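Novice: Handing you this structure, nothing more for now.
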Amino acid sequence: MAPGEKIKAKIKRNLPVTGPQAPTIKELMRWYCLNTNTHGCRRIVVSRGRLRRLLWIGFTLTAVALIFWQCALLVFSFYTVSVSIKVHFEKLDFPAVTICNINPYKYSAVRHLLADLEQETREALTSLYGFSEIKSRKRREAETWDPAAEGTQPKFLHKFPLLLFDQDEKGKARDFFTGQKRKVSGSIIHKASNVMHVHESKQVVGFQLCPNDSSDCATYTFSSGVNAIQEWYKLHYMNIMAQVPLEKKINMSYSAEELLVTCFFDGVSCDARNFTLFHHPMHGNCYSFNNRKNETTLSTSMGGSEYGLQVILYINEEEYNPFLVSSTGAKVIIHQQNEYPFIEDLGTEIESAMATSIGMHLTESFKLSKPYSQCTEDGSDVPIKNIYNAVYSLQICLHSCFQTKMVEKCGCAQYSQPLPPAANYCNYQQHPNWMYCYYQLHRDFVQEKLGCQSVCREACSFKEWTLTTSLAQWPSEVSEKWLLPVLTWDQGQQINKKLNKTDLAKLLIFYKDLNQRSIVESPANSIEMLLSNFGGQLGLWMSCSVVCVIEIIEVFFIDSLSIIARRQWQKAKEWWSRRQALPCPEAPSSPRGQDNPALDIDDDLPTFTSALHMPPAPGSQVPGTPPPRYNTLRLERAFSNQLTDTQVPDEH
Amino acid sequence: MHVKKYLLKCLHRLQKGPGYTYKELLVWYCDNTNTHGPKRIICEGPKKKAMWFFITLLFAALVCWQWGLFIRTYLSWEVSVSLSIGFKAMDFPAVTVCNASPFQYSKVTHLLKDLDELMEAVLRRILAPEPSLANATTALNFTIWNHTPLVLIDERNPHHPVVLDLFRENHNGSESSSPAPERICNAQGCKMAMRLCSLNGTECTFRNFTSATQAVTEWYLLQATNIFAQVPQQKLVEMGYPAERLILACLFGDEPCSYRNFTSIFDPHYGNCYIFNWGMTEKALPSANPGTEFGLKLILDIGQGDYVPFLASTAGVRLMLHEQRSYPFIRDEGIYAMSGTETSIGVLVDKLQRMGEPYSPCTVNGSDVPIQNFYSDYNTTYSIQACLRSCFQDHMIRNCSCGHYLYPLPHGEKYCNTRDFPDWARCYSKQQMNVAQRESCIGMCKESCNDTQYKMTISMADWPSEASEDWIFHVLSQERDRSTNLTLSRKGIVKLNIYFQEFNYRTIEESAANNIVWLLSNLGGQFGFWMGGSVLCLIEFGEIIIDFVWITIIKLVALAKGLRQRRTQARYAGPPPTVAELVEAHTNFGFQPDTTHHSPNTVAYPDEQSPPIPGTPPPNYDSLRLGVIESDSEGDTI
């Protein structure tokens, strides 16, 4: 042998052939079953009798199926959350408290703007109910409306007339102003009529909104004239106020010094300077306590009413607008510092001549965002632009969505919400048919046709103050005598007459205790939990592990494929050699004898190995006895030797 | 004898182990262990061997890492909560009712006479633009006034605020009494303040108010506190509203009850308070049905005409629901009920039960809180409110050497009053403003583990109705005062309905999220997932380590022996070793390295003699095992 050959042989001896040594797939399977670490497989091979073997095959397959099923369940339930409720007792940040008078503007200040509207409202009342003189509890001196204006052409009633509908005659309506019957075409929308039908009289009041061409009118009817007139008044009111600049509106409303008579927080006096102005379109000037920008948030380190906020509010009932608001008092809302106060939707009302004590409990909630739930952390992934100058909330998103749609469809913005960039508030000088448009859009919004409800998502974390409200009489009979004069003195120059107790309201807002509950969602499963659950399942059913999985990959993919590849290769080689040896007469030799020495017993050709086995030839089983023993190094070596041996004749 | 033999055998087995060299041991371990990876290391070809070695190490590392994570999670003592909502028969909460005014004015007039006169004078001063009533002030008792006077601070010139005493002729002239053009300025220009001076009057602080209303109210409260603190509690109780005056009618479910079913307690702020169903000794009353019919119905008379005018500006009933064995902190947690109305209160019991240490920082009975509970005299359970108030009172006693009237006293201490402790108002004001101290109290007090809150749904209606007003007042007046005249009015009468809602409890209960079973099953899961191992595998591993140690010891002993022999040999360093010595040396294990080192001519010997050496280690396990496997597999195939 050449030295190169020698080295090669040495290497072959030292580094035996790797990869599958089993000659056939069946052998490989057998080897796998005997040597694998999983428990079922070995039983299949070892057990005797067909029934037992079948049973074991059944068990093993069932176990495999169970493993797959359970693991699938584990994977699918991976994104679940577990909720924990924690209670802390600690110093708590006091929330921002926004207080508004229910009446937005002093009636004496806005009267010149609303004079025409008021007059026409009175006229409508006269023609409908036969009275014109409205007796309020307190007569204002300069209130008598000018009878000279009676002759002027009514512009509001002309624009959107109030109508009296007779239910018997469909499509007929009587105009209040002209008294003439007129034809009503188009759809009649009964407000609240589909909820309940309690109105017994045949006549209903409503108004008609027509777009410019006035072919497709929408008529709104109400079961009661109170609702109809208020709604009608409000529409015109918004029209008028939309044209007034903001500074003027702020001046027409209440100042902080006027609204807040006294203020007391955490045992220390406070005054109007501790409040920040917030102008709400429908409620006028509102004042927020503890909501100052660039200042530290106040906090309470003691529960109870004496350590909370105590304010006495001046309601000033005389300045109330009789048609716009019909209740007296103030509205208060408790919110987070960076939240927008939706005072119209969520406010708590406060009665005058009463002490309203509001005890708070703080609950914080934290939800997990994607992929656990659909909530959003800061609203940046919601495709609606936030037109409010505040942090995201579902309410803000819905309002922004509606306002944006309003600007898109009607060309102008609705008065009670902030303006989107480059838009104006609606008024009928510039947008004559905005009301019709608004009503249509609003109906679509309520019926979820605009898609706002599906686009907007809830915020992931929020603070909630649970309120316990209770009322008591204030001032008490005996203290009234001294309290009212002192309060009048406190108001000083602003009010020169003596205060009445129905003009005042006392408000106490405090933490009942400093227990803060936080509801926190946390992932119920972590990846290591999932793996260990997998491990538990695999171990329980089959005593299997990742090693077994690697084994399976090794045996079923790598080894099987390489066996197949080897056989194909040998077949190809054989075919090649046969073609070479085609002229040779002894060409048709058994193909199988070439690769497995153990099996060429059928072959008649006396090879070296078969010759060795010659003596025990009668027992056909004998060649099967020395099967490949993979688990010992020594046998491997022997086997590889044999392989090289068998290859030798091929090279000839 | 038998035992000794057995022990020897054991020792021998222990000593022998599964091999004499590290390699043998490792091979034996890998071949026989039940963990899945190591077996493959030895029974595969070299490339795969390397791969399996790497995989086994990787998985072992993974298992260790994940175990670390699990153990850390376990030691974080997390809790999981379970929530249950429903209705069950429960103990009715204790109901505390107080009148908003602490005393009947007619009975305390003699105590407050001077103060009230002074107060009226003050109000006249503030309100009247002209000091025309100066002659009327002569009759007043100025000792009270001079101690803590109300002053006006004129801030129209912000650099030189002018301090004016309300009664000019009585101020002691220490401040520059400028010739003020206006005697009393209006609210915009001036601030009212309370002057609090130390004992000798050298050091004064001003407590400022933005409104006169607050200033006079606070001032009056301070003075009244001062007066009441000197009266023994027995007398105070007599001056308050008696139960039979306050409670007119009571009905619990179907059973009538009366003021005798109420326990009296004296609250410094609200006077006499009456508690229904306070289960201090007797068993609490249960309520097994939801709805108004099965709850507590009360009719109370607050007697608004007899209110202390300057002390109680709010009229109504203060009430509170609490647990049977807890003290009612009615000023913090109470709600109002208005006169002339019927107030219906639906109750939901919101209970939170916590695990305690180490899961959540809370205390079961308050014994581990470093603050003495002054409310323990009432025989009530620990609550954080009690702790905070005791903490405040404790600070008060330590800094001002007297206790505040609103909180209970420890033994041997006195309530603050101007006569004995002239400095106390200033000291108290300082204590009250001390936020750092309050926070330290919050830090020291722990929450109670069982926290019960009563969530109330409050609704109101006018009561009595106009139609029924007349006879109701007649009947109630007759019952209480035995008079045919009306002694009650709409301004004083309050009706209360307290009942369980349809769902009357919501219990949030904590349980350990990760218990030891959880930990073990997860540890097992991880080990099983990556390596198919179990605890037995760990024991196997431990065994191998013991064997390792044994082998090391044996080797060390051999080495030590060798060293000793070399030393003994070193004595005869001169002559070369004889043949007999060499032969002996070769049979000896420890001697071998020495000879190879020592002389170059002996190098040849070990090489030549090497064949016998491998023979010395006893049974080669590998070969033994092979035989077994062979026979096994043969048996299988047949």
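Protein chains in written order, with the UniProt record's numbering: chain A, 1 to 652; chain B, 1 to 638. Every residue, glycine too, gets a C-beta built ideally from N, C-alpha and C. Nothing here was measured: the structure is a model prediction, and the numbers come from that model.
Excluding the 5 residues flanking Ala243 of chain B on each side, which residues of the same chain have their C-beta closer than 7 Å to its C-beta?
Specialist: Counting only Cβ-Cβ distances below 7 Å, and skipping sequence neighbours, we find Tyr259, Phe262, Ser264 and Tyr274.
Novice: So Val81 of chain B contacts chain A; which residues on that side make the cut at Cβ distance below 8 Å?
Specialist: Val83, Ser84 and Ile85
Novice: Between which two residues does the alpha helix (DSSP H) carrying Ser301 of chain A extend?
Specialist: Per DSSP, Ser301 of chain A lies in no alpha helix (DSSP H) and is assigned neither H nor E.
Novice: Compare the beta carbon distance of Ser313 of chain B and Pro475 of chain A with 8 Å and say whether it is the shorter of the two.
Specialist: yes
Novice: Between B:Ala558, B:Lys297 and B:Lys5, which has its C-alpha nearest Gly495 of chain B's C-alpha?
Specialist: Residue 495 of chain B is actually Lys in this sequence, not Gly. For the residues B:Ala558, B:Lys297 and B:Lys5, the minimum Cα distance to Lys495 of chain B belongs to B:Lys297.
Novice: Closest to Asp332 of chain B by C-alpha separation, out of A:Gln537, A:Val64, A:Gly58 and A:Asn515, would be which residue?
Specialist: Of A:Gln537, A:Val64, A:Gly58 and A:Asn515, the residue nearest in Cα terms is A:Asn515.
Novice: Give the DSSP-derived three-state secondary structure of Leu75 of chain B in the structure shown.
Specialist: helix
Novice: How far does the alpha helix (DSSP H) with Leu74 of chain A in it reach, from first residue to last?
Specialist: Arg50 to Phe76
Novice: What are the start and end residues of the beta strand (DSSP E) that includes Lys367 of chain A?
Specialist: Neither: Lys367 of chain A is in no beta strand (DSSP E) and is coded neither H nor E.
Novice: Mind checking Trp569 of chain A: buried by the 16 CB within 10 Å criterion, or exposed?
Specialist: Under this definition Trp569 of chain A is an exposed residue.
Novice: Is the beta carbon of residue 718 of chain A sitting closer than 8 Å to the one on Gln214 of chain B?
Specialist: With chain A running from 1 to 652 in the structure shown, residue 718 of chain A is simply not present.
Novice: Note down, one range per segment and in chain order, each alpha helix (DSSP H) of at least 4 residues found wholly within the region 210 to 278 of chain B.
Specialist: 212 to 228, 233 to 239 and 243 to 246
Novice: Assuming contact is defined by CB atoms lying nearer than 8 Å, are Tyr107 of chain A and Glu247 of chain A in contact in what I supplied?
Specialist: No, they are not a contact pair.
Novice: Please classify His112 of chain A as buried or exposed, where buried requires at least 16 other C-beta atoms within 10 Å of its C-beta.
Specialist: exposed
Novice: So, Gln70 of chain A versus Gln414 of chain A, is the Cβ gap smaller than 8 Å?
Specialist: no
Novice: Taking the C-alpha atoms as reference points, what is the distance between Glu528 of chain A and Cys544 of chain A?
Specialist: 18 Å
Novice: Just checking: is the beta-carbon of Asn208 of chain B within a distance shorter than 8 Å of some beta-carbon in chain A?
Specialist: yes
Novice: Following the continuous beta strand (DSSP E) through Ala228 of chain A, name the residue where it begins and the one where it ends.
Specialist: Where Ala228 of chain A is concerned, there is no enclosing beta strand (DSSP E), although the alpha helix (DSSP H) it sits in stretches over Gly225 to Met241.
Novice: Using the three-state DSSP reduction, which class does Val535 of chain B fall into: helix, strand or coil?
Specialist: helix
Novice: Which residues of the region 258 to 269 of chain A have a Cβ closer than 8 Å to any Cβ of chain B? Give them in chain order.
Specialist: Val261, Thr262, Cys263, Phe264, Gly267, Val268 and Ser269
Novice: Spatial neighbours of Met542 of chain A within its chain, please: C-beta separation below 8 Å, excluding the five flanking residues on both sides.
Specialist: Thr38, His39, Gly40, Thr60, Ala63, Val64, Ile67 and Cys548
Novice: For the region 280 to 333 of chain A, which segments carrying the beta strand (DSSP E) assignment without a break, of at least 3 residues, lie completely within its bounds, in sequence order?
Specialist: 284 to 289 and 309 to 314
Novice: Buried or exposed: Thr300 of chain A, going by 16 or more other Cβ atoms within 10 Å of its Cβ?
Specialist: Around the beta carbon of Thr300 of chain A, 16 or more other beta carbons lie within 10 angstroms, which makes this residue buried.
Novice: Report the rounded CA-to-CA distance for Arg48 of chain A versus Val555 of chain A, giving the unit in angstroms.
Specialist: 24 Å
Novice: Under 6 Å Cβ to Cβ from Asp451 of chain B, same chain only, skipping five residues before and after it: list those, please.
Specialist: Leu352
Novice: Which residues in the same chain have their Cβ closer than 6 Å to the Cβ of Lys49 of chain B, if we skip the five residues on either side of it in sequence?
Specialist: Ile41
Novice: Of all the residues that make up the region 81 to 111 of chain B, which are near chain A by a beta-carbon distance shorter than 9 Å?
Specialist: Val81, Leu83, Ala100, Ser101 and Tyr105
Novice: So if DSSP puts Asn515 of chain A in a beta bridge, which residue, or which two residues, is it bridged to?
Specialist: A:Phe89
Novice: Grouping DSSP H, G and I as helix and E and B as strand, with all else coil, what is Ser577 of chain A?
Specialist: helix
Novice: Interface residues of chain B around Thr469 of chain A at Cβ under 8 Å?
Specialist: Ile458
Novice: Verify whether the separation of the beta carbon atoms of Asn386 of chain A and Ile396 of chain A is less than 8 Å.
Specialist: yes
Novice: At the level of alpha carbons, what is the spacing between His2 of chain B and Asp368 of chain B?
Specialist: 59 Å
Novice: From this set, A:Asp503, A:Ile44, A:Ser479 and A:Gly304, which residue's C-alpha is nearest Tyr220 of chain B's C-alpha?
Specialist: A:Ser479
Novice: With 8 Å as the C-beta to C-beta threshold (strictly closer), list the residues of the region 413 to 424 of chain B near chain A in chain order.
Specialist: none
Novice: So what's Glu502 of chain B in DSSP terms, helix, strand or just coil?
Specialist: Three-state result, Glu502 of chain B: strand.
Novice: Residues of chain B with a CB under 9 Å from the CB of Trp576 of chain A: which are they?
Specialist: Close to Trp576 of chain A, with beta-carbon spacing below 9 Å, lies no residue of chain B; the smallest spacing is near 29 Å.
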